[in-house]
Structures are given as structure tokens and as C-alpha cells.
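Each number in this note's numbering corresponds to the 1-based position in the sequence shown with 421 added. Since the structure comes first, as C-alpha cells, the remarks are kept for the end.
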Amino acid sequence: MLQDTNINMLQDTHLNINRKDVNYIKKIILNNLTGKSYSNKLIGLEDQYNTLYDICKKTIQTGESNSTLLIGNRGCGKTMIINKLLDNLNKEFNEEKQTFLTVRLNGLVQSDDRLALKEMIYQLSQEEAMENLNSTSFSEILSYLLNVLSIGTKTSKPVIIVLDEFDLFTQHNKQTLLYNLFDIAQSNQNPIVVIGLTCQLNVVELLEKRVKSRYSHRQILCFPPLEIENFEKIIINSLKIPENITNINENYVKTFNNEIDNIFKDESMRLIINRLFDITNNPRNFLKICLEPIYKLSINEPYPKVNDFLDAYTRQYVDSKTELLKGTSILELCLIIAMKCLLEKHIELFNFEMIYNEYKKFVQKIEATGNGREIFFKKQVAMKALEHLIAIELVLPTEASGKCPKEYRMMKVLLEPNQITQAVLKHSECPTSIKQWGTRWL
422 MLQDTNINML
432 QDTHLNINRK
442 DVNYIKKIIL
452 NNLTGKSYSN
462 KLIGLEDQYN
472 TLYDICKKTI
482 QTGESNSTLL
492 IGNRGCGKTM
502 IINKLLDNLN
512 KEFNEEKQTF
522 LTVRLNGLVQ
532 SDDRLALKEM
542 IYQLSQEEAM
552 ENLNSTSFSE
562 ILSYLLNVLS
572 IGTKTSKPVI
582 IVLDEFDLFT
592 QHNKQTLLYN
602 LFDIAQSNQN
612 PIVVIGLTCQ
622 LNVVELLEKR
632 VKSRYSHRQI
642 LCFPPLEIEN
652 FEKIIINSLK
662 IPENITNINE
672 NYVKTFNNEI
682 DNIFKDESMR
692 LIINRLFDIT
702 NNPRNFLKIC
712 LEPIYKLSIN
722 EPYPKVNDFL
732 DAYTRQYVDS
742 KTELLKGTSI
752 LELCLIIAMK
762 CLLEKHIELF
772 NFEMIYNEYK
782 KFVQKIEATG
792 NGREIFFKKQ
802 VAMKALEHLI
812 AIELVLPTEA
822 SGKCPKEYRM
832 MKVLLEPNQI
842 TQAVLKHSEC
852 PTSIKQWGTR
862 WL
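Spelled out as C-alpha cells, the structure:
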């Protein structure tokens, strides 16, 4: 019993960290990484947020109706802007009494206008009044909702309507819902803001003519981070704990945040960030790597480590071609390195004779060391090795066989020089001389 108590009360002797603190921090960060919550700072999206905030504030304070579209690629921060906007508006205007209403619909969930209308009525707390309707037909529901939204004046309670996956709402029959919402916003009868979120740039072209005529044509564009500095800031911000958070050890929070800063100063981490940013500037891809190191946090290891991030990256971004090369023979590896030498001479198409000639030059250079004979193979054997490389699709012939002898058929290697270099470094049976040859430009 005493042993169990000691296990449950394990603490950091310097910062007095307990298991509750660690679990609480894990929950906060994992929610940030998985999109269940959002971090405090909007990085690179301040202008978009301010524009949307001004629109909604005018509706709440002066009764000015409007409609707008928030357009951007997936993962660029559209939902985070909306979440932060509604959170701040609720704190500012709904703290003491409710001064505006919010309706959030999603095109993936509300797949037709009937479902969308019922959800709107539910969120507007009008379901009791709906029960008194004799009919539950679509026309009756629509008529009732329009009456609720239209009978008011500029002094009526404003409504902020958020339509996520807006492009899916354009696929509804006759776009009846969009037409009526935009019509109410344009007529300025009841204070209403319609905000559509979409990743489809040409979404306005999907609107019917009558719907388009009632839309304000206001668009707010969101972009993923264009600079690596902002890309890195978004990631670090998602991994840090807000220092104003309560019910947790303040010293632990400060030390944890300092550890995150130190991790991202490490050269290996910076290399990973640069590689991923070159592939895609969507921070979500790096946040997926962060899930495993954060999930591993425990009372014994309350801080993430650089190696945890590196291991997670290695597992998630394994290069299949590099892994395939690890299982090749020494001769096959030599032929691939010979192709790399030709690529470095800006020769992208080559035949067996050219490859074998590069391989033979290398063997002749190291014959003085006494190792040349061990790695030298005759042409017939080398041709068989090349045919195997073609079979596993690391090398691709670029012309039909025809009457051309196979030694002179042109081909190209389906690997980048850096992939070949990494494969040479990872090959378990690669002699030192071949490793030096394969990594000479490293």
C-alpha cells in the first residue's frame, strides 16, 4: 500500500511536479495539436481576424447586416479564426446577458436544406415553438424560420451564422437556404452576418445567379505561412502552455516552455523543419510529428526531448526508395552510385555501357589499396544486377527494346542524388571505400 502511494505521489524534487500537472499539460497540448482547441496567438492571420471582427462588431452594435466568405486551403487557420472570433465576441458582448446568437452549420453534416433548417431552429432555441406547427414539411419549416429572422428590426437580437464547408451548401437543391440567408442579410431587416468557410477558390462561380446577386461579394483570403519563420512560430505556439493558465504549477509551465524553445534551436530539429517546409507549408504535417513526443510525457519524463521528435519524424517520413536500397547487393549499390556520378555531370539519360564505365573507373582508382578485386564484377554479372534494378523500378528504361542491343538502351534512375547518399549511409554491408565514393559530395 505504501509503495502504491509513493508511485502516485512521484514528484520532481526541484519544481514539485506531480502527475496531475503532467496530464493537464498533455491534455492542453494534444487538444491544440488535434484541432480540438486553439492556441492564443494568431500568427500571420491578424488582418483577416480584424476584418471579420469589425464586420461582426458592426452587426452587434449598429445592426448592420453583412455576408462574407473566408477562403483558404485546408489547415491555413480558417476555423481557428472563427473560434477565436466567437470566443472574444462572447466575452465582450455576452458576458452579462446574451446580446447576439450564434448558429454553426457544416456542409458535411447538414447535407440538405431540411437538416440545415432543423439545426438552425435547434441552435436558436426555437424547437418548442416548432412543436406547435401542424406541419413539418420543408416549406413550413422554412416559412417559420424566415419569419423568425425577418420580423425583427435593427434593434432585434443579431445572429451570426457560420457555414463551414460552404461549397457543399451550393450543391443543395436550388440553393434555397443560401438564397434566403443572403436575402435577409441584403434586406437589412434583422441584424445578421453570414460567414462561409471554404477551401474552394472559385466557390462564387458555384452560386446561382439569383443567389450571387444577393451576396455582398466580400471575400477574406487566408494563406498558409509563406515564410519559414511564421511556420516555426505556429508550431512552437501550439506546443507551448499559456503562462496565464491557472490550477497548475507556474514554475513547471515556465520550464516546459523554455524546453520547447531549446528543442527548436537544435540543428537537427531545424533541418526537419526546413525539409517539411520545402515539401509543404501546412503546419499540420509537423504537428502530427509532435503528437508522439507529447503523448509520451510522464512524471518520470515531464519534458519532451529532441530525440523523440527525430524518431517520430523518421517513422512518419520513411523514404520507401531509400529503404528499398538498403536491401540491394554491393554490386547493385555500386551501379546506383555510378548513376549518381552521371547525374552530377548533368547526364540524366544513360545506358549500361556508360554506367559500367563509371563503375570501372572507381574500381581502378582503389586497386592500389588492394580492394579493387573484391568489388569488381564482369559485365555479364553487372548486367544481371542492372536488370534487377529495373525490375524493382529503381531504374526506368526510356526507350523500347526494338533492335537496339540492351547494353545501349537509354534509361534513367528514379532516385535523387540525396536519396542515394542516404541509402549508402544506411547500407549495413557497404565497404568504407564504396561509402566514401557514394557520399563524396555530402
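Every residue, glycine too, gets a C-beta built ideally from N, C-alpha and C.
A direct Cα-Cα distance of roughly 30 Å separates residue 673 from residue 506. Contact between residue 705 and residue 496 is confirmed by a C-beta separation of about 4 Å, below the 8 Å threshold.
When DSSP states are grouped into helix, strand and coil, residue 717 belongs to the coil group. Inter-segment contact for the segment 484-491 and the segment 663-672 is absent: fewer than three beta-carbon pairs are separated by less than 8 Å.
A Cβ-Cβ contact shorter than 8 Å links residue 816 with residue 834. Comparing C-alpha distances from residue 856 to each of 808, 471, 783, 546 shows the shortest one belongs to 783. Residue 504 is positioned such that its CB atom lies no closer than 8 Å to that of residue 470. Excluding residues up to 5 positions away in sequence, 603, 604, 607 lie with their Cβ nearer than 6 Å to the Cβ of residue 635 in the same chain. Its chain contains 479 as the residues whose beta carbon lies nearer than 6 Å to that of residue 485, once the 5 sequence neighbours on both sides are disregarded; these appear in chain order. For residue 508, the enclosing alpha helix (DSSP H) has its first and last residue at 499-514. Out of 650, 618, 658, the CA that lies nearest to the CA of residue 639 is found in 618.
For residue 528, DSSP assigns no beta-bridge partner whatsoever. For residue 490, the enclosing beta strand (DSSP E) begins and ends at 487-492. Sorting 482, 810, 843, 772 by C-alpha distance to the C-alpha of residue 743 places 843 at the top.
Distances from the CA of residue 709 to each of 733, 723, 702, 727 were compared; the closest alpha carbon is that of 733. Along the length of the segment 683-715, whole alpha helix (DSSP H) runs at least 4 residues long occupy 688-700, reported in chain order.
CA-CA distance, residue 859 to residue 810, rounds to 17 Å. For a cut-off of 8 Å, the C-beta gap from residue 596 to residue 626 is around 13 Å, too long to register as a contact. Note on geometry: alpha-carbon atoms of residue 457 and residue 609 lie some 35 Å from one another.
For residue 818, the pairing in a beta bridge is given by DSSP as 832. Beta-bridge annotation (DSSP): residue 617 is paired with 490, 584. If you ignore the 5 residues before and after residue 476, its C-beta comes within less than 7 Å of the C-beta of 487, 489, 614, all in its own chain and listed in chain order. Apart from the 5 residues on each side of it in sequence, residue 472 sits with its Cβ closer than 7 Å to the Cβ of 641 in its chain, given in chain order. Nearest to residue 848 by C-alpha distance, out of 688, 757, 465, is 757. Residue burial is scored here from C-beta neighbours: residue 819 has fewer than 16 other C-beta atoms within 10 angstroms and is therefore classed as exposed. Straight through space, the alpha carbons of residue 578 and residue 483 are spaced by roughly 11 Å.
A straight line joining the alpha-carbon of residue 754 with that of residue 746 spans about 7 Å. At the C-beta level, residue 580 and residue 521 come within 8 Å of one another. Residue 643 is classed as buried because its beta carbon has at least 16 other beta carbons within 10 Å across all chains shown. Judged by DSSP in its simplified three-state form, residue 523 adopts strand. The criterion of a C-beta distance shorter than 8 Å is not satisfied by residue 437 and residue 645.
Check the Cα spacing between residue 632 and each of 622, 599, 649: the tightest is with 599.
The continuous beta strand (DSSP E) containing residue 641 extends over residues 640-642.
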